[in-house]
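Visitor: This is the structure I have questions about; it appears just below.
Protein chains: 2
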Amino acid sequence: MNTPIFNELNGIFLPHNVAVIGASPQDNYTWSLIGTRIRDRLFFVNPNYQEVLGRKSYASILDIDAPVDYAVIAVPARFVLGAVSDCINKGVRGVHIFTSGFSETGLPEGIRLEKELADLARGKIRIIGPNCMGSYCPKSGLSFNPASTNVEGSIGVICQSGTFAQMFVYAGRSMNMKISKMVSYGNAVDLDCPDFLEYLADDPDTSVIALYIEGIRDGRRLRSALEYAAGKKPLVALKGGVTGAGGRVAASHTGSLAGTGQTWSTMFKQSGVVQVEDIDDLLNATIAMSSSRPPSGTGVAIITYSGGFAVVQSDMCVRAGLQVPQFSKEAIAELRKFVPAAGTMVGNPLDSWQLFYRFSGEGRLSDVLRIISGEKQIHTIILQFDIIRFMTMMWREGTEEKLMAIAADFLAGCRYARDQAGRLVMIAIYLEPYTDNEMERRLSVLLKKMCEEQGFVVCSSLKEAIRTVSYMCRYATIKDNRR
Amino acid sequence: MNTPIFNELNGIFLPHNVAVIGASPQDNYTWSLIGTRIRDRLFFVNPNYQEVLGRKSYASILDIDAPVDYAVIAVPARFVLGAVSDCINKGVRGVHIFTSGFSETGLPEGIRLEKELADLARGKIRIIGPNCMGSYCPKSGLSFNPASTNVEGSIGVICQSGTFAQMFVYAGRSMNMKISKMVSYGNAVDLDCPDFLEYLADDPDTSVIALYIEGIRDGRRLRSALEYAAGKKPLVALKGGVTGAGGRVAASHTGSLAGTGQTWSTMFKQSGVVQVEDIDDLLNATIAMSSSRPPSGTGVAIITYSGGFAVVQSDMCVRAGLQVPQFSKEAIAELRKFVPAAGTMVGNPLDSWQLFYRFSGEGRLSDVLRIISGEKQIHTIILQFDIIRFMTMMWREGTEEKLMAIAADFLAGCRYARDQAGRLVMIAIYLEPYTDNEMERRLSVLLKKMCEEQGFVVCSSLKEAIRTVSYMCRYATIKDNRR
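Protein sequences, first through last, are from chains Z and S. First residue of the first sequence? That's 6 in my numbering, and the numbers climb one at a time after it. First residue of the second sequence? That's 6 in my numbering, and the numbers climb one at a time after it.
Now the structure itself:
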């Protein structure tokens with residue numbers, strides 16, 4: 006049994022015919038939607054144009070001689086009520102209002118306009134917004150950014166910030182973020198966070214929910230929706246405004262009563278929600294949870310090329326609530342066969358740059374991964390593959406071929422660890438954003454894609470991989486406590 | 006009055022003639038040193054070659070008919086004692102031993118070999134290493150990585166990890182890291198961390214010291230060297246192995262007795278050292294301290310294009326011990342003239358994407374920077390310029406010209422804030438490492454260079470900028486307490 010909101014929101018995320026009111030050759034909705042599968046069911050409305058991007062532009066939505074079930078409204082604030090009124094008359098079921106200039110201004114006129122909007126719509130039409138990016142749904146073709154991909158995924162996103170919603174879109178290009186449905190809901194004059202939570206909880210296309218929230222009108226309803234959603238699938242939340250200063254800013258950003266950080270943390274904890282600390286965590290944790298099962302314990306093994314990282318990141322594991330248990334004597338004896346004694350560490354972390362350069366013969370990374378997969382105290386294996394910049398220096402030719410041979414080998418080991426031994430496998434591939442080493446960049450992108458294509462989570466640093474594992478462990482604990 | 010070690014180490018960092026013992030066409034020292042100004046005072050030694058990279062290769066250092074004052078030893082462990090013995094006979098004053106296979110193996114043979122090495126050298130020659138990268142000094146031309154730059158800077162680096170030393174080198178290419186002298190000192194059979202600290206404290210070319218340390222033999226001497234150095238210039242330290250697991254790993258990495266995290270933190274605090282938590286912090290904080298004066302208080306203003314970031318990063322400021330004080334009514338009234346009410350926040354943080362797109366007329370970023378510079382409660386201004394990806398979408402042509410006009414304007418504002426108003430100015434330019442938007446990448450690199458050329462600190466995210474400011478504030482407190 007789905008919640009009552011399900012059918013309404015399903016119609017809004019998967020509309021048949023769509024209109025853009027205020028379409029223009031400069032407008033991002035126009036550009037975004039004409040690039041997706043919605044293009045053949047798309048109508049442009051703007052009395053100032055005869056044509057927009059080669060399509061007829063209607064003076065009013067009422068002139069369209071086909072039913073329209075969803076409309077994007079991107080006109081100046083003073084025209085919004087008229088547009089919504091037209092939509093009601095047209096029989097549109099849901100609108101997204103991009104336009105800002107409502108209650109978020111803090112000005113009497115904006116507050117009044119928002120109240121009028123609420124009164125006009127009540128019982129007649131559902132509203133997303135105003136003052137927000139709206140919806141992205143690769144399945145239907147809804148989009149707010151021409152750079153969004155059409156790849157259908159299983160991550161549902163609810164976001165009280167337009168910029169963070171954009172970051173999820175860009176993560177779809179660069180981070181293997183595959184989204185089912187996303188909504189940026191701004192001032193929430195009608196549809197609010199709990200509605201979207203209940204919908205995504207029941208949505209069969211969504212397996213994980215990411216939430217960014219600053220505040221809420223109805224705390225009791227939010228708590229019940231959080232519990233409902235977190236009871237059905239992993240729910241990862243970032244609360245903005247948990248400190249005094251952050252709370253003051255949140256109040257000004259979305260007019261939200263932010264509440265104290267402690268209140269929210271308690272509510273998240275009691276509801277079974279995994280709370281994270283920043284937007285990078287939210288992106289990484291939801292990507293990981295959408296593709297991998299959580300580990301069955303907190304024991305982490307790290308395979309690295311660097312003693313410095315081994316030391317510092319073991320500290321970080323402990324700070325994040327993870328353990329770095331030593332390997333068994335038998336495993337260490339096995340590993341010693343492959344790892345020279347000089348300048349290495351045979352143990353956990355395993356520090357041996359030599360392993361990363363072996364593209365044939367015995368003692369390659371796959372052998373090491375198989376040995377570590379047999380260790381009972383290890384639940385997650387993190388492979389830190391940050392050495393492409395050193396490979397481009399070490400090998401003056403044939404770098405790509407050698408790297409591909411190494412990747413084929415270690416991916417076989419990673420598949421074994423995941424599929425046969427049931428370990429969580431994470432791969433960290435660091436790439437300095439401002440590097441001037443073009444070969445390093447090209448090969449890093451290539452390697453990352455190869456790993457992602459086989460379903461492995463790739464983080465952009467060992468540090469991020471560790472943080473992500475710690476959030477997955479928290480989710481595992483939540484699940485265990487439910488049993 | 007310099008400490009007694011000064012002249013000895015000065016000779017080692019600024020040698021006249023240098024030999025590479027074990028030079029080969031595959032060896033990184035050979036490639037590194039032939040690419041620097043040392044090339045004309047460089048001799049290769051390897052009995053297996055007649056020539057290396059077109060230069061004569063000597064069978065022994067004793068065959069060179071010129072004095073040699075410094076040698077890099079990169080031969081198998083069993084030949085190291087012979088090579089050092091030859092160096093002593095040749096009159097060499099200092100050697101760096103790259104070779105590993107000594108006490109770090111934990112094996113009796115390695116430990117015995119290291120003891121013999123110590124006995125052989127005592128009173129006759131100074132040793133850096135074994136099992137380390139050695140020295141990098143743009144002034145003399147010493148280098149261990151062909152990718153190192155020849156730019157002379159003022160950051161001194163002491164690093165008990167080869168990988169982290171390499172990260173400082175790469176940061177010289179991509180992060181405006183400008184180094185005076187760096188040493189990776191490995192097993193420290195002779196010269197140890199306190200020696201390098203005392204040297205860099207007295208070194209007129211060094212204005213800031215970065216330290217990565219895992220452990221030490223003589224705690225009392227380290228404390229005295231830390232106090233000496235931190236009393237002369239900013240000293241930023243990362244201690245590896247502060248947790249149980251990290252400590253166990255550190256012991257295995259460099260044979261160090263790591264001690265408890267608390268003991269080290271107390272020692273750093275009492276010595277006036279700024280302790281950081283990871284390697285990114287160490288890089289960012291030392292770059293910032295080498296180019297900028299610390300702020301005169303903890304008040305931070307953030308100028309952003311995103312309400313979500315404004316909220317979440319205000320939380321982060323508070324967690325990092327900073328404040329985000331509200332602007333005065335007068336300043337807010339002034340800012341309101343430039344910032345439309347809809348979808349923005351006029352206050353601290355200042356959230357208005359419109360500001361970032363203005364390349365002419367009134368109400369540009371420079372106007373905003375001037376207003377905020379007048380606020381007494383604000384000591385640092387952080388400009389989050391993460392919007393190049395949006396610019397490439399928004400402006401379908403002329404993006405570079407417009408961006409350059411915007412940059413010229415905001416840099417004028419930043420100079421005013423720094424030079425006239427005495428504020429610390431930080432610029433955050435986020436670039437997703439795996440982005441496929443080539444224009445975003447090119448323009449981000451260009452903008453970053455422009456900011457750095459004018460002496461501003463550019464961090465790769467707002468989060469990193471905030472962490473960096475928090476470390477600068479800690480340094481300011483240390484300085485104030487001394488007065």
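Ideal Cβ positions, reconstructed from N, Cα and C, are used throughout, including at glycine.
1) In chain order, what residues of the same chain lie with their CB nearer than 6 Å to the CB of M444 (chain Z), ignoring the 5 residues before and after it?
2) In the DSSP output, what is S62 (chain S) paired with across the bridge?
3) CB-CB under 7 Å to S145 (chain S), same chain, minus the five flanking residues each way: which ones, in chain order?
4) Measuring CB to CB, does M431 (chain Z) end up less than 8 Å from I387 (chain Z)?
5) For the alpha helix (DSSP H) containing T110 (chain S), name the first residue and the last one.
6) Would the stretch 219-226 of chain S and the stretch 291-299 of chain Z be scored as touching if the rule is three or more Cβ pairs under 8 Å?
7) Could you check whether the Cβ of E437 (chain S) sits closer than 8 Å to any Cβ belonging to chain Z?
8) Between the stretch 344-355 of chain S and chain Z, which residues of the former have a C-beta closer than 7 Å to a C-beta of the latter?
9) Alpha helix (DSSP H) containing V329 (chain Z): first to last residue?
10) Indicate whether at least one CB of chain Z lies closer than 8 Å to the CB of M182 (chain S).
11) Round the Cβ separation of V241 (chain S) and L287 (chain S) to the nearest angstrom and send it over; I've been treating them as touching at under 8 Å.
12) So, is the C-beta of L112 (chain S) closer than 8 Å to a C-beta in chain Z?
13) Counting pairs of beta carbons, one from the stretch 191-203 of chain S and one from the stretch 117-124 of chain S, are three or more of them closer than 8 Å?
14) Identify, in the order they occur along the chain, each residue of the same chain with its Cβ nearer than 6 Å to the Cβ of V323 (chain Z), setting aside the five sequence neighbours on each side.
15) Given a limit of 7 Å on CB to CB distance, which residues of the stretch 443-460 of chain S reach chain Z?
16) Would you say N289 (chain Z) lies against chain S (beta-carbon separation less than 8 Å)?
17) Opposite V254 (chain S) in the DSSP bridges: which residues?
18) Starting from the Cα of E157 (chain Z), find the closest Cα among Z:N181, Z:S257, Z:Q171, Z:M172 and give me that residue.
19) Candidates S:Q331, S:R428, S:R447, S:K454: which alpha carbon is nearest T3 (chain S)'s?
20) With 7 Å as the limit, tell me which residues of the stretch 130-142 of chain Z have their beta carbon closer than that to any beta carbon of chain S; keep them in chain order.
21) Which residues in the same chain have their Cβ closer than 7 Å to the Cβ of K244 (chain Z), if we skip the five residues on either side of it in sequence?
22) Could you check where the alpha helix (DSSP H) with R447 (chain Z) kicks off and where it finishes?
23) Take P81 (chain S) as the anchor and find which of S:I376, S:I26, S:G313 has the nearest alpha-carbon.
24) Among the candidates Z:I307, Z:G59, Z:V213, Z:P299, whose CA atom is the shortest distance from the CA of A433 (chain Z)?
25) Of all Cβ atoms in chain Z, is any one closer than 8 Å to the Cβ of A242 (chain S)?
26) Going by C-alpha distance, which of S:S189, S:N150, S:A230 is nearest C1 (chain S)?
27) Please decide whether K468 (chain Z) counts as near chain S, where near means a Cβ-Cβ distance under 8 Å.
28) Check E56 (chain S) in the structure and name its three-state DSSP category.
29) Given that P151 (chain S) touches chain Z, what residues does it touch there, using C-beta distances under 8 Å?
30) In chain Z, what lies closer than 8 Å to Q328 (chain S) by C-beta?
31) Taking 8 Å as the threshold (beta carbon to beta carbon), is F49 (chain Z) in contact with chain B?
32) With DSSP run on the structure shown, which of helix, strand or coil describes C464 (chain Z)?
33) In chain S, which residues lie less than 9 Å from R394 (chain Z) when you measure between Cβ atoms?
34) In whole angstroms, what separates the C-alpha of Q55 (chain S) from that of L67 (chain S)?
35) Give a yes or no on whether 8 Å exceeds the smallest Cβ distance from I308 (chain Z) to chain S.
36) Kindly list, in the order they appear in chain S, the residues whose Cβ is closer than 9 Å to that of C322 (chain Z).
Guide: In this structure, then:
1) T397
2) When DSSP reads this structure, S62 (chain S) sits in a beta bridge with S:F49.
3) Excluding residues within five positions, the ones whose Cβ falls inside 7 Å are F18, L19, P20, I43.
4) Yes, the Cβ-Cβ distance between M431 (chain Z) and I387 (chain Z) is below 8 Å.
5) That residue, T110 (chain S), is in no alpha helix (DSSP H); it is neither H nor E in DSSP.
6) no
7) Yes, E437 (chain S) counts as interfacial toward chain Z.
8) A346, A347, G348, M350, G352, P354
9) That residue, V329 (chain Z), is in no alpha helix (DSSP H); it is neither H nor E in DSSP.
10) no
11) 6 Å
12) Closer than 8 Å: yes.
13) Touching, yes, given that three or more Cβ pairs across the two stretches are closer than 8 Å.
14) none
15) Answer in chain order: V450, K453.
16) Contact with chain S is absent for N289 (chain Z), since none of that chain's Cβ atoms lies less than 8 Å from the residue's Cβ.
17) According to DSSP, which records beta bridges pairwise, V254 (chain S) is partnered with nothing at all.
18) Z:N181
19) As shown, chain S starts at 6 and ends at 488. That puts residue 3 (chain S) outside it, with no answer to give.
20) If the cut-off is 7 Å between Cβ atoms, the stretch 130-142 of chain Z has N136 near chain S.
21) I218, W269, Q280
22) First-last of the alpha helix (DSSP H) with R447 (chain Z): 443-458.
23) S:I26
24) A433 (chain Z) has its Cα closest to that of Z:I307, out of Z:I307, Z:G59, Z:V213, Z:P299.
25) no
26) Here chain S has residues from 6 to 488 only, and residue 1 (chain S) is not among them.
27) Residue contact with chain S for K468 (chain Z): present (Cβ-Cβ distance below 8 Å to some residue of chain S).
28) strand
29) Against chain Z, a Cβ distance below 8 Å from P151 (chain S) picks out M398.
30) A250
31) You won't find chain B in this structure, because its protein chains are Z and S.
32) strand
33) A152, Q171, Y175
34) 16 Å
35) no
36) For C322 (chain Z), the chain S residues whose C-beta falls within less than 9 Å of its own C-beta are T248, A250, G251, listed in chain order.
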